Structure formats: structure tokens, C-alpha cells
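Its first residue numbered 63, the sequence shown is counted upward by one per residue in the numbering used here.
So the structure is just underneath, and the comments pick up after that.
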Amino acid sequence: MFPRSSGILLHLASLPGPYGIGSMGKEARHFVDFLQRGGQSYWQMLPLVTPGEGDSPYMSPSSAAGNPLFLDLDALTDMGLLTPEEVYGVRYHGSPDRIDYGFLNSTRYPLLRKAYARADEALLAEVDAFAQAHQDWLEDYALFSAIHAHFGCSLQNWPDKKLIRRDPAAVEKYAALLAEDVGFYKFIQYLFFRQWGELKAYANERGISIIGDIPFYVSPDSADVWVHPEIFRVNAGRKPRYVSGVPADLFNDQGQLWGNPLYAWSYHEKTGYAWWCNRIRQSLAFYDVIRIDHFRAFHDYWEIPATSDTALVGKWKRGPGMKLLDAIRKNVPQAQFIAEDLGDLSAGAVKFIQQSGLPGMKILVDAFSDVNGGSGFLPHRCTPDSVMYTGTHDTPTFVQWYADIATPEQRSYCTNYLHVHEDEGIGWCAIAGAWISPCSLAMAPLQDVLGLGADARMNFPGTVGSANWSWRVRMDALNGKVADRLHYVTGLYGRLR
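What follows is the structure in C-alpha cells.
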């Protein structure tokens, strides 16, 4: 269990800055300083991996590689790899409130290739040493990325079918053909890990620990599926036989069809869940605490035939259960977790999560749907061995819910429960409600700290579009006045460390 403390949820991509997306540069350090001044102990972010389909960090082409779009370009200038003029040329002149992934993908990689071309022998020797230390995934990932860019299509549609099946001769052929590109992808991973290590050390030295997500599933269009088809339920062409999702519930009458390949759990068990243990171990290079997304799938998961175009066609299947969790605890005993245990859980799933001993999540913005006080998310009904969130990246902001979504009865109940006053703002009232709870850890998306509405929402589950994963905060919002108020509230409710 966590010591009584609190933190802020903000994806790295959402930081301000001149280059179109948040980075590991000075703006990230400014945010760490903001958190320290605000008396916070944790910075939680979404997965740091490269985004995939729909620009989602939960559909990455790798479970291990970092997102090169987060590289600090000014640091590359300081290293002599880029010129100030080149970096100035990729400044983003569109809206500072949204990420334009099309602009980034068209401008960032050509710029990074210039940096690679200027790497001297000493730097390339460091890259080689990094590649050797990460040889269990980096060589395959770099080759996958090079081939993916070469063909310009998803894994399952590569024109060389032997290459899809990893025929040794085909792999050797493309490794030689694309050797320069393979070296480039290794290079940018080296830069990512170097810069992230420096940023994480900066945060840790100031008392800020990093909480990061790992998605439960991986993308079908990923190096993981290409290299390790035996651990997924895919055919020789790497096409999933069954895919992931969730059935219809009170929140979505069509369910959600995610499309990730399901795991071959019998094979994982034979290996002692080695891939999962290694994945957790790799994640600790990024995070101090790991939030496991869709944790209920440890117990049971929704199996949808890959031929189905709806999540309504499927059935519940038993997951690996405590055997997987025990293997992780045995092999990676230093790992600390938060279990994302949200959704319509069966009685068996609830019991399993309780037996796991991992802290689960309580979501304050969802606590007022039952105006009769029956929600287990109400602060007075929560227990210390859980984490209270005002909201998550998948929920509306608290202001959006209160102003646009809540019924008059729900809004009245929330107003009375949180003692909402107009001069305070619903965001600060929500933070007070979460911070005063008995939960050992309280978290709030930065949007709720700033009292932002619908235009600052991070994701609309079950949808794909430019409104998802693209929100950014402005630098002037991260000011001392906000930090000092956050520090006051945190001290008032006994969460300063």
C-alpha cells in the first residue's frame, strides 16, 4: 500500500512546447518543478511507447520501445546533431491546444535521420553498447520498424509472405537491404532511453515518482506479434484468430471491439510466463509504479472471433489468474502495481482482484450516478488499500460531467456531497473530495486541477479520431498560483510527504 500521498495524471504528450507535442525537455522539468511546489509525490502518465492505430499509445508497434516523438530536439542541438535552424524549421504553428500527428510524422523522422547521419564514432559506439544491453528486443524491433516503413503497410499485408512468417532467408535478406534503417531505429531508441533516464532522475531527485501504464494487450501490427507468434492466438500469417474487447454494458450498448490478438495462455504457462515477466522488468526502466490496464483480464477476458465486426459476438474465457501474478512477483519482486479494475466486473473477477492484494481504482466522477448513495466510488465508502481518482484519461473531465452530462438529480447530489461553491469551482471541490478520502493515494488529471471542460478531454473510448490523445496544456496554466493552491489542499488533507 502507498503512504498517504497524491499526484497528478498528465501524459507526456500533453506538455506544452514549440514543436507540436510534449517532450522530455525543459517543459517536462518545469512540470516536475510544478509538482514539487504543489506538494505532489507522483506523476502518472499514459504509456511512453510509440502510438499505433488511431495515434493510440495503447496500440503500440512495440511493448518495449519508447516514442521518438518525445525526444527533446533542443538537447539534440546541444549535442551537435541538429542545427538551431533545422530545429526552428519544425516548430508547430497550429493550435497549441492539440497535437497534429500528421504534421509530426511528416517532419520529425526526416529531422531525426539528419541527426543520425551526424553521429560520430564515439556516439555510435554508445549506441552499439545500448543495443547489446537491449538485444532481447531492440534488434527485432528495429528490423520490424525498418520493414514496416519500407513497405508502408501493416505486418499482415507485407507483400513478402515468407518475411511475415520470419523465414530465415527472408529475414536475412531484408536485414541486409535495410541495414542503414535498422541502425537509425536503434539510434533513436538510444536517444529516447538516454533522455528519459535523465528526466526520470530529475523527477526522482525532487521526490516525484513516476506511475506509468502498460496496456494489457499489444497491437496486432507489432514487433511482438511478428517475433513471438507462439504467445498469441494468431495464424502463420500473423492474423489473429480471436481478438479483444468488452461486451455491452451500462456505458456502451454495443460493447467495444479493440482488435488486439489474444494470448495463448497455455504456452505462457509452459514458459513460466517469461514474456510477461520480461515485459514488467522492461517497464521498470520507465516507471517506478506500474498501472496494469484492464487488469480484470488476469481473471477472465472477452473472446471475440476475428471475423466478427462487433463486440457483441463473443464469450467470457478464463484468464491465467493468480499463476501469472505469482510468476511476476517471483521474478520481478521489486515491481509495484496499481490494478485498473474498472468496468462491469463479475463476482469472480471482483474476488480475484481482492485476493491479488493490489490496490484498485475508485473514480470520483462516476460516483454520483446513483443518487441514492449506492456507489462504491463515494469517498466515504472507499478503503485505504485503493487509489482514488477524480477521473481518468477515458472519462469526461469533472467540469464536463458536471456541466454537460450529469442529470439535474446527479448534479444536485454531487453539489451537496462535495459542498460545491461557485467561487471554488467544481474541479477543486472534486480534488478536495478525492484528497480527503481514506484512500492511501489520490490522483487527479491535470484537467481537473485546472477546471477544464469538454474541449480538454483526452479520450473517448470506443472511438477513433483527432479528438483522442491530442489534448495539450498551455505553459501559463502551470503557474505558481495553481501549484500553491494544490500544495495547500494536499497539506490540508494530510498527503504531503
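Just so you know, even glycine gets a beta-carbon here, dropped at the ideal spot from N, CA and C.
A quick note: this is a predicted structure, and the numbers were derived from the prediction, not measured.
- Restricting attention to Q98, I83, S103 and M86, the CA atom closest to the CA of M505 is found in S103.
- Counted as a single uninterrupted DSSP element, the stretch harbouring G487 is not any alpha helix (DSSP H), since DSSP gives it neither H nor E.
- Under the three-state reduction of DSSP output, M384 falls in the helix class.
- Rounded to the nearest whole angstrom, the C-alpha separation of A127 and V308 is 27 Å.
- In the DSSP assignment, no residue is bridged to M121.
- Taking a cut-off of 8 Å on C-beta distances, the segment 287 to 297 does not touch the segment 419 to 432, as fewer than three cross pairs fall below it.
- Counting C-beta pairs with one atom in each stretch, the segment 524 to 540 and the segment 471 to 478 have fewer than three that are closer than 8 Å, which means they do not touch.
- Just measuring C-alpha positions, the residue of V280, E89, P367 and D95 sitting nearest E267 is D95.
- Here W364 carries a strand assignment [DSSP, helix/strand/coil].
- When rounded, the separation of the alpha-carbon atoms in Q462 and W490 is 14 Å.
- Taking all protein chains shown into account, L239 has fewer than 16 neighbouring C-beta atoms within 10 Å of its C-beta and is therefore exposed.
- Ranked by Cα distance from A401, the options I273, P130 and G317 are led by I273.
- Cβ atoms of I488 and V551 stay farther apart than 8 Å, at about 14 Å.
- T457 and F522 have their alpha carbons spaced roughly 8 Å apart.
- In its chain, beyond the 5 residues on either side, G84, W533, R534 and V535 have a beta carbon closer than 7 Å to the beta carbon of S76.
- Secondary-structure assignment with DSSP links Q318 through a beta bridge to V308.
- Distance between M450 and F348, taken at the CA atoms: about 23 Å.
- In the three-state DSSP reduction, K301 falls in the coil class, being neither helix nor strand.
- Non-local C-beta neighbours of A177 in its own chain, meaning closer than 6 Å and more than five positions away in sequence, comprise L138, L143 and L144, ordered along the chain.
- DSSP places Q194 within a helical segment (H, G or I) once states are collapsed to three.
- Residue pairing from DSSP places Y104 in a beta bridge opposite G69 and S271.
- Listed as beta-bridge partners of P323 by DSSP are V305.
- V394 and V351 have their C-alpha atoms roughly 13 Å apart.
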